[in-house]
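**Student:** Have a look at the structure that comes next, please.
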Amino acid sequence: MDSYDIFTYSAVSNGLHAIAAVIWVGGMFFAHMALRPSVAVLEPPQRLALWAGVFPRFFRWVWVSIVVLFATGLGTVFIDFGGFGGTPVHVHLMLTVSLVMLAVYATIYFGPFRAFMARVAARDWPAAAEAQAVIRKLVATNLVLGLLTVAIGAAGRFWG
Ligand code: HEM
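Quick note, the working numbering runs 1014 ahead of the 1-based positions in the sequence shown.
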């Protein structure tokens, strides 16, 4: 190994892949497990206005993370593994679960998230709370799938 090996495609790509995974999955963990129970003490207008500040900021980063995860992941499949034929089974599994996560995320973004923002802008708190409850359930789903994907990505290469 020479001193420039840290800048090889695989090193940079795997590093970016892990950072993007941390941003998306770690962000969901924090939102669901720490922020959500903590803001439950607030009155609906304050609580929902707070989420209206949190969601657009976080969701922007989720889009960036998705682009990075798919670009670096597929790049590794073709550059390091020479295509799907030479790709280990855990990567196929990771891609499959990621596609489900992407579908769930797109459902959140283009459905209840948009409805939520419009209802908060209209100060329709009961309707906004309804949309937020749907977002919460879908984020919980993606959090479980995301933790699973991280475990698959990190542990898969050691499977017999
Ligand atoms: C929610 C989405 C995803 C998460 C959380 C995730 C997470 C991870 C983690 C934690 C690793 C191990 C650390 C690393 O190499 O950076 C990894 C490796 C990898 N991921 Fe993903 N990943 C996701 C999506 C994808 C997608 C869409 C692909 C495309 C095929 C992909 C392909 C790969 C590959 C090829 C590796 C290297 C595997 C190895 O060397 O054994 N990942 N992933």
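We put the CB at the ideal spot given by N, CA and C, even for glycine.
#1: Give a yes or no on whether the C-beta atoms belonging to Val1118 and Leu1088 are separated by under 8 Å.
#2: Does the stretch 1098-1105 touch the stretch 1049-1060, meaning 3 or more C-beta pairs lie closer than 8 Å?
#3: For the stretch 1067-1139, list the alpha helix (DSSP H) runs that are entirely contained and at least 4 residues long, ordered along the chain.
#4: Beta carbon of His1031, beta carbon of Thr1121: below 8 Å?
#5: Grouping DSSP H, G and I as helix and E and B as strand, with all else coil, what is Ala1147?
#6: Can you grab the Cα-Cα spacing for the pair Phe1044 / Gly1067, in whole Å?
#7: In terms of residues, what are the limits of the alpha helix (DSSP H) holding His1031?
#8: Distance, Cα to Cα, Val1036 vs Ile1080?
#9: What number of angstroms, rounded off, separates the C-alpha of Met1108 from the C-alpha of Thr1163?
#10: Just to confirm, is the Cβ distance from Leu1157 to Met1042 under 8 Å?
#11: Quick check on the DSSP output: the alpha helix (DSSP H) that includes Val1053 runs from which residue to which?
#12: Starting from Ala1041, trace the alpha helix (DSSP H) in both directions and tell me its first and last residue.
#13: Considering only residues of the same chain and omitting the five flanking positions on each side of Arg1133, which have a CB-CB separation below 7 Å?
**Tutor:** Reading it off the structure:
#1: no
#2: no
#3: 1103-1122 and 1128-1135
#4: no
#5: helix
#6: 15 Å
#7: Tyr1023 to Ala1035
#8: 11 Å
#9: 6 Å
#10: yes
#11: Arg1050 to Val1053
#12: Note that residue 1041 corresponds to Gly in the displayed sequence, not to Ala. Looking at the DSSP string, the run of the alpha helix (DSSP H) that includes Gly1041 is Gly1041 to Phe1044.
#13: Ala1141, Ala1142 and Ala1145
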